[in-house]
Amino acid sequence: MKKLIMITSVALTLTLIAGCTNKSVVRYGDATEVETTDISFGSTDLQKVAGDMTDSLLVSPVVGTLTANSRPIMFVESIKNKTSEHIDTESITDSISTKLLRSGKFRFVDMGRVAAARKQLDYQQSSGMVDPNKAMQFGKQVGAQYMLYGNLASIVKSNKDQSDVYYKFTLRLMDLESGLVEWADETEIRKTKGKEFVSW
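With mature numbering (1 follows the signal peptide of the UniProt record, and there is no 0) applied, the sequence shown covers -18 to -1, 1 to 182.
Here is the structure:
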């Protein structure tokens, strides 16, 4: 009988321990904390490339001259992903646009929303639901003066002991009227992953 009670007690203890170790816990973290889950492009990399390039653009003497007496109108083309990974480059584009707009030096046209804007203007003009005196008119939008565009590329190397990935992000600012590139810069990231031998 004592043996049965002892076996039952041990089984219950093991069940409780197993139940505690398998529990899923969700916590909030710091969005700016360095993320090192793996060597793929991650949140830290996105913040770094967007921050580095925006800062470089804003302190450029050329941009200082362009924005001295006005807020030029710009559109940001979606960043081209030339890596072998699936990377949400729209998030990079959004981060750069937001940081530049916050600087107060530029104004933007959002080419990604042209279809939605046209649909709204069509509705205002032809639905009969909007007061014609208060409807927005076609042909009044302002065109962009500059286009910001760029590429994200990578080189990946690996063997049985180590993996290495190199990212290069290039960004350029073009004057749409002249076609001249007024500013360009690039930033780089290298990440490695290798086996570590732990001694006990």
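Glycine included, each C-beta is placed from N, C-alpha and C at the ideal position. In this text the structure is predicted, and so the values were computed from the model without any measurement.
Check                                                                                                                                                                             : Outcome
What are the start and end residues of the beta strand (DSSP E) that includes Thr152?                                                                                             : Gln144 to Asp157
Answer with buried or exposed for Met93, where buried requires no fewer than 16 other C-beta atoms within 10 angstroms of its C-beta.                                             : exposed
May I have a chain-ordered list of the beta strand (DSSP E) segments no shorter than 3 residues that lie completely inside the region 26 to 81?                                   : 55 to 58 and 62 to 64
So which of Ser42, Arg53, Leu39 and Met111 has the shortest CA-CA distance to Val124?                                                                                             : Arg53
Shortest alpha-carbon distance to Ser160 belongs to which of Tyr128, Thr49, Thr71 and Asp34?                                                                                      : Tyr128
Take every Cβ of the region 146 to 155, pair it with every Cβ of the region 164 to 173, and state whether three or more of those distances are shorter than 8 angstroms.          : yes
If you follow the beta strand (DSSP E) that Tyr131 is part of, which residue opens it and which one closes it?                                                                    : Tyr128 to Ser140
In whole angstroms, what separates the C-alpha of Gly86 from that of Ala50?                                                                                                       : 12 angstroms
Buried or exposed: Thr65, going by 16 or more other Cβ atoms within 10 Å of its Cβ?                                                                                               : buried
Give the secondary structure of Val163 by DSSP, where H, G and I count as helix, E and B as strand, and everything else as coil.                                                  : strand
In three-state DSSP terms, what is Arg95?                                                                                                                                         : helix
Closer than 8 angstroms is the cut-off here; do at least three beta carbon pairs connect the region 37 to 44 with the region 153 to 167?                                          : yes
Can you list, in chain order, the residues of its chain with a C-beta nearer than 8 angstroms to that of Lys177? Leave out the 5 residues immediately preceding and following it. : Asp143 and Gln144
Considering only the beta carbon of each residue, do Gln106 and Ala97 sit closer than 7 angstroms?                                                                                : no
So is Phe151 in contact with chain C if we call contact Cβ pairs under 7 angstroms?                                                                                               : No chain C is part of this structure, which consists of one protein chain only.
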